[in-house]
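Residue 13 in numbering that gives the first Met the number 0 sits at position 14 of the sequence shown, and the numbers go up by one each step.
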Amino acid sequence: MKRKSHSVFDKGYTLKCGREFKRTNQGHYCGKAPENVDEYIELQITEAREHIVELRNIIKSCVPEVKEQIAWSMPVYKKGKLSISFAACNKHISLYTDANILEVFKSQLSGFTIKKNAIYLPYEKDLPLKVIEKIVKQSFEEI
Numbered sequence: 000m001k002r003k004s005h006s007v008f009d010k011g012y013t014l015k016c017g018r019e020f021k022r023t024n025q026g027h028y029c030g031k032a033p034e035n036v037d038e039y040i041e042l043q044i045t046e047a048r049e050h051i052v053e054l055r056n057i058i059k060s061c062v063p064e065v066k067e068q069i070a071w072s073m074p075v076y077k078k079g080k081l082s083i084s085f086a087a088c089n090k091h092i093s094l095y096t097d098a099n100i101l102e103v104f105k106s107q108l109s110g111f112t113i114k115k116n117a118i119y120l121p122y123e124k125d126l127p128l129k130v131i132e133k134i135v136k137q138s139f140e141e142i
């Protein structure tokens with residue numbers, strides 16, 4: 000099964016599948032959601048796979064009891080009510096967690112784009128592994 004994805008670069012763009020977007024750089028996946036994270040990885044472009052596997056391994060090693068699942072057509076890792084997730088985009092991986100946690104680590108992520116509750120991790124850059132480990136651990140700390 001090939002990944003069907005579209006990038007939207009024009010405001011008010013309508014895709015062939017009928018979805019409309021207001022944002023100019025909106026990513027979109029249309030197709031059957033993968034059954035599990037292994038299938039998700041298989042569906043991604045080659046450039047994304049290495050980062051996805053690294054993120055998956057970091058999350059599972061930092062929080063071994065985390066539950067791995069697919070939700071919203073992307074990998075989500077849950078422990079109780081806490082979660083962290085990521086999605087492969089055209090040129091980067093978006094790592095999603097609580098905006099307050101990202102604010103704590105913002106100074107350690109210079110050179111990476113941070114938007115609200117996501118860090119954009121470009122494929123052409125190495126992952127900031129130590130910072131991601133800290134983010135993952137803090138994302139699953141009970142308050």
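Backbone N, C-alpha and C fix where the C-beta goes; we use that ideal spot for every residue, glycine too.
Take ILE57 as the anchor and find which of SER84, GLY79, LEU101 has the nearest alpha-carbon. SER84
Does DSSP put PHE85 in a helix, in a strand, or in coil? Secondary structure of PHE85 (DSSP, three-state): strand.
Tell me, to the nearest whole angstrom, how far the beta carbon of SER93 is from that of ALA117; I am working on the premise that it is less than 8 angstroms. 5 angstroms
Return the CA-CA distance between PHE104 and LEU42, expressed in angstroms with no decimal places. 31 angstroms
Where does SER114 sit, in a helix, a strand or coil, going by DSSP? The amino acid occupying residue 114 in the given sequence is Lys; Ser does not appear at that position. DSSP places LYS114 in strand when its eight states are reduced to three.
Quick one: residues in its chain with C-beta nearer than 7 angstroms to the C-beta of ASP97, no 5 flanking neighbours on either side, listed in chain order? ASN116, SER138
Terminal residues of the continuous beta strand (DSSP E) containing ILE69? 66-70
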